[in-house]
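Be aware that the sequence shown starts at 7, since it is given in this note's numbering, and climbs by one per residue.
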Amino acid sequence: MSIIAYENKDVKTCELEINKAGKRNEEEIIGEIRKSENIAGEEPDFLEALKNAETYAPGTEPILLIGETGTGKEVFANYIHKLCTRLHRRVDTIFRLNCACLSESLIESELFGYKKGAFTGANSDKKGIFENADKGTLFLDEIQELDKGRQGRLLRVLTNNIVVRIGDAIERKVDVRLIAATSLEEMLRGEIFERFSYIIRIPSLRNRKNDIPLLAKMFLKNLVEKNGIQKQWSSEALAKLRINTWDKNIRQLKNVVTRTYANAKGIPSEEISPDEIRFDTQSGEQKAVDALNLPDPHEGFVLNEFVQGIREKMITKAIEKAKNNKSEAARLLGLTPQALHQYLKNK
């Protein structure tokens, strides 16, 4: 912050200038953090979520982030954490755990730890991530993957800040700023919502149509700065990006921009045309379809039943491969967790 002279000024004027200087410094820091996290947008719902993150950041109360897969929940968690450390001088470490990436047998010990001898292979005491994150911030992603029992244990931590290791009776007090995220809020216990002081809903990209060109330009600019080969979007290309459905949200848009830039680097024109956009490839899936032993259409053949049978087999196969982890199965299938959950519910 620049030094300000206060000669021959009354106290009120000095206070106003100090506040203005502090405000400028705060805005600069917020701008730096947004840039480092690739945060950009002007749609009202997104700006509301961003403002809530900035408002809630100074405290220590738990925050729940709700949004579809790929909307940027981890980006919001990082943003809140960095605002804490930069603006509010809270020096701590952020720990992360994606509940969808661990089997049911591992998740509880990773969260809460265990006592030596609690089960086969527990050869020594082990702290869980709550104890490791004591005095810091913990980001738990996809908490809907916790079953009702483990959600109950999480509820106890939220209520009393107490952790009990598996196989132990000792209650350990922890001081953790919890930021949790879910893409399927209907799979959470009602009591969980009551214990989160703040809830931030992050809009999907299809509800941020006017932000798509802005984000596409930002991702392309980052690639140009990294690789040194100048490219820019044509207005027609941006229009084509804007009308896409983006079922996988910002993550999908970023991947499309990355593929498009890689392809466009070998093209002389600096401007990227609509035809040069590389949307999600289906070559692998197409090869699998080509390899199928498809029956010849005949009288009595019902296409929908045939397709439904393939769909059920693929979903069953994905769930088995993901060891019954529904979020991971959805990822393997290229579906949102919401879509898979709804399909299984209606089956």
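Think of the CB as a built atom: it goes at the ideal place given N, C-alpha and C, for glycine as much as any other residue.
| Item | Value |
| --- | --- |
| Please classify Asn166: does DSSP put it in a helix, a strand, or coil? | helix |
| Rank Gly119, Asn138, Glu137 and Ala139 by C-alpha distance to the C-alpha of Asp131 and give the top, closest one. | Gly119 |
| With a threshold of 16 other CB atoms inside 10 Å of the CB of Gln236, please say whether the residue is buried or exposed. | exposed |
| Ile69 and Tyr204 look like a contact to me (Cβ under 8 Å); what is the Cβ gap, rounded to whole Å? | 5 Å |
| Quick check on DSSP: helix, strand or coil for Asn104? | strand |
| From the DSSP output, in three-state form, read off Gly47 for me. | coil |
| Please determine, among Lys246, Asn167 and Ile185, the residue with the shortest C-alpha to C-alpha distance to Glu177. | Asn167 |
| Just to confirm the assignment, what range does the alpha helix (DSSP H) spanning Ile218 have? | Ile218 to Asn233 |
| Would you list, in sequence order, the uninterrupted beta strand (DSSP E) runs of no fewer than 3 residues that lie entirely inside the region 101-152? | 143-147 |
| Exposed or buried, what is Leu71 when buried is set at 16 or more other beta-carbons lying within 10 Å of its beta-carbon? | buried |
| Between which two residues does the alpha helix (DSSP H) carrying Leu211 extend? | Careful: Leu211 lies outside any alpha helix (DSSP H) and carries neither H nor E. |
| For a quick check, are the C-beta atoms of Val263 and Phe285 less than 8 Å apart? | no |
| With C-beta atoms as the reference, is Leu117 less than 8 Å away from Phe136? | yes |
| So, at 8 Å on beta carbons, what are the nonlocal neighbours of Lys332 in its own chain, with the 5 sequence-adjacent residues on each side left out? | Glu151, Ile325, Pro343, Leu346, His347 and Leu350 |
| What span of residues does the beta strand (DSSP E) with Ile69 cover, start to end? | Ile69 to Ile72 |
| If I follow the unbroken alpha helix (DSSP H) through Arg265, where does it start and stop? | Asn255 to Ala270 |
| Per DSSP, what kind of secondary structure is Phe236 in: helix, strand or coil? | Looking at the sequence itself, residue 236 is Gln, so the reference to Phe does not match. It is coil, neither helix nor strand. |
| Excluding sequence positions up to five away, which residues of its chain have a Cβ less than 6 Å from the Cβ of Asp147? | Asn104 and Ala187 |
| Let me check understanding here. Comparing Cα to Cα, which of Leu338, Leu194, Leu190 and Lys141 lies closest to Arg159? | Leu194 |
| Let me know if Thr77 comes out buried or exposed under the rule of 16 or more other beta-carbons within 10 Å of its beta-carbon. | buried |
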